[in-house]
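Under UniProt numbering, the first residue of the sequence shown carries the number 1, and numbering increases by one thereafter. A short write-up of the structure that comes next.
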Amino acid sequence: MIGKLEKYNGKYRIVSLALDQSTKEELLKEDIDFVFITDNDIRIYPENMVISEDKKIIDKLQNAHNYDVYELWENGRFSEYYDDSSVDNYFFVTAKCNSNCIMCPSPDASRQKGGSTSVDTLIEIAKHIPTDTPHLTITGGEPFMIGKDIFRFIAYLRDKFEYTEFLFLTNGRIFALESYVQRFVETVPASSIVAIPIHGSREKIHDSITQTRGSFEQTIRGIKNLLKAGIHIELRIVVSKMNENDICNIARLICDELSGIDYVSIMAMEMTGSARINVEKVWITYREAAKKIEEAVMLLLENEIDVKLYNFPLCTVKREFWTLCEKSISPDKVRYAEICDTCKLKKACGGLFSGTISMEKGELRAII
């Protein structure tokens with residue numbers, strides 16, 4: 001949160017940020033709500049009304065960017081939603097999920113009782129985002145839990161953002177329904193990929209991790225339906241104690257039955273939420289996880305399926321796999337241990353999650 005704008009006492013609004021006169025004039029032409037920052041105050045438009053003279057908040061916003069997007073709440077609370085300088089922006093559709101993954105970084109209560117963003121609000125946010133933004137993620141929870149009205153939002157994204165790349169994060173189960181596949185195909189933006197996790201090579205393992213009976217069958221059917229419809233797919237494998245000995249079997253399943261996917265992302269866990277509560281059941285060190293995936297990585301590559309490694313510090317992965325490692329942790333969550341300061345590859349390394357670093361400090365090695 002940026003802070004509270006002490007003179008605002010109105011309705012909830014989405015606003016863009018203007019830091020100079022030319023951006024202000026451009027936003028006035030677009031006929032959208034925005035705030036204009038001067039050295040002395042913050043003004044909201046189109047009313048041209050002063051809503052804060054707080055110097056600390058003014059200083060914060062002067063270090064932000066033109067076209068950033070914020071939520072302004074009834075009580076004056078002001079928080080950033082979109083950072084125009086970032087390629088890691090997302091729409092958070094809902095906290096709810098129809099699976100209950102034992103190693104989810106969100107807590108149980110959030111998945112069961114969490115709130116949702118209305119489609120009208122999602123569209124209003126999208127109206128404020130510049131059309132040249134390079135990448136946007138649609139996430140949850142399970143974003144498709146809000147029902148078929150989500151396709152009204154997806155269609156808006158398709159119509160506005162012609163050149164933006166979209167990533168849809170979903171457990172894929174809803175696409176076991178042909179009606180959802182059809183609506184998705186009709187509305188999805190051209191440059192889109194759907195990321196779906198597979199937690200086990202068979203029902204027993206996958207469903208024990210999702211804690212949801214039937215989820216494996218629905219997920220596999222959903223993936224096959226999307227592939228048949230020509231949708232680009234990323235498959236994700238999150239490595240935990242519960243599936244560490246099944247990773248190669250998952251890779252074999254992908255090669256045998258799902259080879260039309262774009263690539264596979266193998267991921268180390270983020271130890272917050274349910275993952276932290278269930279630490280004894282799910283936790284293995286990143287170094288152990290990296291060892292367990294080696295055969296699976298080679299199998300996928302030999303079958304001409306691209307592989308990416310997410311959330312693994314370089315020192316936990318064998319040298320031959322370094323080129324597969326992505327800097328995947330968002331800037332607000334990434335941390336480095338003290339020993340990392342002596343590592344010659346620190347700038348190339350993706351670091352660790354803020355919620356996981358305490359569990360990994362003894363495992364890290366400086367590459368010198």
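Here a beta-carbon is modelled for each residue, glycine too, at the ideal position from N, C-alpha and C.
Mind checking whether Asp54 and Asp68 have CB atoms under 8 Å apart? Not closer than 8 Å, so no.
What would DSSP say about Tyr67, mapped onto helix, strand or coil? coil
Would Ile339 pass as a contact of Val297 if the rule is Cβ separation under 8 Å? no
The alpha helix (DSSP H) spanning Asn225 covers which residue range? Ser215 to Lys228
How big is the Cα-Cα spacing for Asp41 and Gln62? When rounded, the separation of the alpha-carbon atoms in Asp41 and Gln62 is 11 Å.
Leaving out five residues before and five after Glu80 in sequence, what residues of the same chain have Cβ atoms less than 6 Å from its Cβ? In its chain, beyond the 5 residues on either side, Tyr70 have a beta carbon closer than 6 Å to the beta carbon of Glu80.
Pro197, DSSP secondary structure in three states: Strand, per DSSP.
By a C-beta neighbour count over all protein chains shown, 10 Å radius and 16 as the cutoff for buried, is Met145 buried or exposed? Per the 10 Å Cβ criterion, buried.
Cβ neighbour criterion (16 or more within 10 Å) applied to Ser22: The residue in question, Ser22, is exposed, as its Cβ has fewer than 16 Cβ neighbours within 10 Å.
Closer than 7 Å by C-beta to Ser328: which residues in its own chain qualify, once you throw out the five before and the five after it? Chain order, please. Tyr310, Asn311 and Gly350
Sequence-distant residues of the same chain with beta carbon closer than 7 Å to Pro107, five excluded per side: Gly273 and Ser274
Using a threshold of 8 Å, state whether the C-beta atoms of Ile247 and Ile237 are closer than that. yes
Return the first residue and the last residue of the alpha helix (DSSP H) that Glu26 is part of. Gln21 to Glu30
Just tell me which of Asp207, Phe34 and Ser179 has its CA closest to the CA of Pro197. Of the candidates Asp207, Phe34 and Ser179, the one whose C-alpha sits nearest the C-alpha of Pro197 is Asp207.
Give every residue of the same chain whose Cβ lies closer than 6 Å to the Cβ of Glu203, excluding the five residues on either side of it in the sequence, and list them in chain order. Phe216
How close, in whole Å, do the beta carbons of Ser354 and Ile284 come, if the pair is a contact with beta carbons under 8 Å? 19 Å between Cβ atoms; not a contact.
Between Ile266 and the ligand COA, is the CB less than 7 Å from at least one heavy atom? In terms of ligand content, the structure shown is empty, and the ligand COA therefore cannot be addressed.
Under 8 Å, do Leu157 and Pro189 count as touching if we go by C-beta distance? yes
Cα-Cα separation, Asn225 to Cys325: 29 Å
Does the Cβ-Cβ distance between Met1 and Asn278 come in under 8 Å? Not a contact, by the Cβ cut-off of 8 Å.
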